[in-house]
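Position 274, counted from 1, in the sequence shown is what this note's numbering calls 285; the numbers after and before it change by one each time, with no gaps.
Cβ coordinates follow ideal geometry from the N, Cα and C atoms, glycine included.
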Amino acid sequence: MHQASDARFQFSDSSLSPSSRLARCMKLNTPVLGASSSTGSISLPRAVSWGCALGLLCTLTASAADPGLEERLKAIESQVKALQQENALLKQQLKGGGGGKEDSVVIRAGGKENKIKIGGIIQTQFEAGDQPDSRFETDNDRFLLRRARLNVSGEFAEHFAWKLEGEFGNGNLRENASYRAYALDAYLQWQRYDYANIRVGQFKTPFSREYQISASKLLFAERSLPTDMFSASRNIGAAVKGDVLSERLSYTVGVFNGNGQNNGFNDNEKFMYAGRISGIPWKGKIGEMESQWTVGTSAYSSKDDAVSVRGFGFTGNTFAGDRRVWEVDTSFEFGRFEVAAEYFRGHYSTADSIPAQEFNADGYYLTLAAYVLPKKLQAAIQYASFDPNLSVAGNTTDEWVFGLNYFIKGNDLKLMLNYHLGNNANSTDGNQGRLICRAQLMF
12 MHQASDARFQ FSDSSLSPSS RLARCMKLNT PVLGASSSTG SISLPRAVSW
62 GCALGLLCTL TASAADPGLE ERLKAIESQV KALQQENALL KQQLKGGGGG
112 KEDSVVIRAG GKENKIKIGG IIQTQFEAGD QPDSRFETDN DRFLLRRARL
162 NVSGEFAEHF AWKLEGEFGN GNLRENASYR AYALDAYLQW QRYDYANIRV
212 GQFKTPFSRE YQISASKLLF AERSLPTDMF SASRNIGAAV KGDVLSERLS
262 YTVGVFNGNG QNNGFNDNEK FMYAGRISGI PWKGKIGEME SQWTVGTSAY
312 SSKDDAVSVR GFGFTGNTFA GDRRVWEVDT SFEFGRFEVA AEYFRGHYST
362 ADSIPAQEFN ADGYYLTLAA YVLPKKLQAA IQYASFDPNL SVAGNTTDEW
412 VFGLNYFIKG NDLKLMLNYH LGNNANSTDG NQGRLICRAQ LMF
């Protein structure tokens, strides 16, 4: 019986006669693709090798003195060499992780990561108009690089994940004199169990439904005024988060320095405690429309000596004292329609009695959105209210936001048109409007 051989076709010895080379062919079993895997290698069946040899044998039997035989053998040798070269190229591409493209770029991890992802977002916009709320510091028209972010994330086989994200744009609505790069997310996460992931580093404080939504997926160019005023931004700390009941219930609880992002200190020996829980009480169909009802609540508590808190009238926008803030939220999606609402309430006890020794503040928003053209054109409207001190009359800001979103390629490439109309409590000019035109690219 013929024994399999690991040899490859080699016709480099031109001194061999055609019959000798034929005999060598009959002993060989040549693989086409030498890329090995756990399931074996892909090779040319032995029958094909024997078929080639038998074909050559018939040719020799028919005309041993055929002058064209030598040329035909050389042609076969050339084809086999070409296959060997292609085989070597395919092996190299498979080892390097290439997708077969000539100009493909392969990024390899310096460590033992199973997966590395690189992404980012660019949001550039034009603004014109007045100051509908306190976040707009002037009524100057301007072009603004609202966000320019780059992120890298990865996973390890030991159930660890990590993320690094930096901001290179303005990062907010304030009129910053110059841009500077700074860290947004920088954390390590152990995620062995879906019901209990442990995250340490700098990341979003688990508070507010709207604040947890990525900036690339918001219905409007900006989050609502009360969301920006009450949210605790990103902080450095540790949290446990997870999903239970087939992802129908989610929770996050954490402890943080409470000084905001990119601060390597704690202003005292106290910590901020924060937590959020959300669930899906009902999920199904209304007629033919996929529908889902979501509810949630979150809260945080902190005792501070000197923390930056804007919008409440604290001296130099710096808060010292006790603060306890909570919110409840709900959203309902049905087909191309979406309704969302959130209510905020905060209690503040100040160390310097400015603007008062103790006071309460609240705010809320209601949002309606619908696709005019499925997956292409979306219209949205929002009403929001923010009262920084319930004991003081006439300091409430009420604001309408009207929006159109045009999706060129989902959220990866979209255009947004917003118009804000609000009675800024810090101004005596009554209702003021501002137009925002934004282009977004996400990769």
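Where residue i falls: helix, strand or coil (DSSP)
i	result
I87	helix
T263	strand
V43	Here the model assigns V43 a pLDDT of 42, short of 50, so the residue's position is not dependable and the matter cannot be decided.
N98	helix
R220	helix
L80	helix
K92	helix
S438	coil
T308	strand
T407	coil
L55	With a pLDDT of only 45 at L55, under 50, the local geometry of the prediction cannot be trusted, and the value read off the model is given with reservation. Coil.
T149	coil
D114	Any answer about D114 is weak, because its pLDDT of 49 lies below 50 and its placement is not dependable; what the coordinates show is given next. DSSP places D114 in coil when its eight states are reduced to three.
G324	coil
F413	strand
G231	It should be noted that the sequence gives Phe, not Gly, for residue 231. Correct three-state label for F231: coil.
C-beta atoms of residue i and residue j nearer than 8 Å
i	j	result
R157	Q142	no
V336	Y311	yes
D333	D373	no
F267	T305	no
S261	S242	no
E301	G346	yes
A192	G212	no
V350	L379	yes
Y206	G248	no
D196	F214	yes
Q200	S244	no
F348	A390	no
G414	L428	yes
Between the CA atoms of residue j and residue i - distance to the nearest angstrom
i	j	result
D409	G265	32 Å
F370	Y354	17 Å
N437	S145	7 Å
E148	E186	7 Å
V130	V255	The residue asked about is misnamed: residue 130 is Gly in this sequence, not Val. Using only the alpha carbons, I get a separation of about 29 Å.
N270	N151	31 Å
T341	A232	21 Å
T439	A250	44 Å
G165	R203	15 Å
R449	A352	24 Å
A395	G182	22 Å
M283	T308	17 Å
K425	F343	24 Å
L161	Y198	15 Å
G322	W293	37 Å
V163	N246	19 Å
G405	N435	11 Å
V412	L229	13 Å
A362	G327	14 Å
M453	Y222	19 Å
T407	R220	22 Å
S89	E82	11 Å
Q303	V383	20 Å
I365	G286	28 Å
D423	T329	38 Å
Run of the alpha helix (DSSP H) containing residue i, from where it starts to where it stops
i	result
D239	L236 to F241
Residue range of the beta strand (DSSP E) that includes residue i
i	result
T329	T329 to F345
N162	R153 to E166
N246	R245 to V255
A450	Q443 to M453
R287	M283 to I297
A381	E369 to L384
E353	F348 to T361
H431	L424 to G433
N208	A207 to K215
Q393	L388 to D398
G177	F171 to E178
T135	K126 to G140
D144	First-last for D144: undefined, no H or E at that position.
D196	Y193 to Y204
Cβ-heavy atom distance, residue i to the ligand MN, below 7 Å
i	result
L155	The ligand MN is absent from the structure shown, which contains no ligand whatsoever.
The region 136 to 156 contacting the region 440 to 447, beta-carbon criterion three pairs below 8 Å
yes
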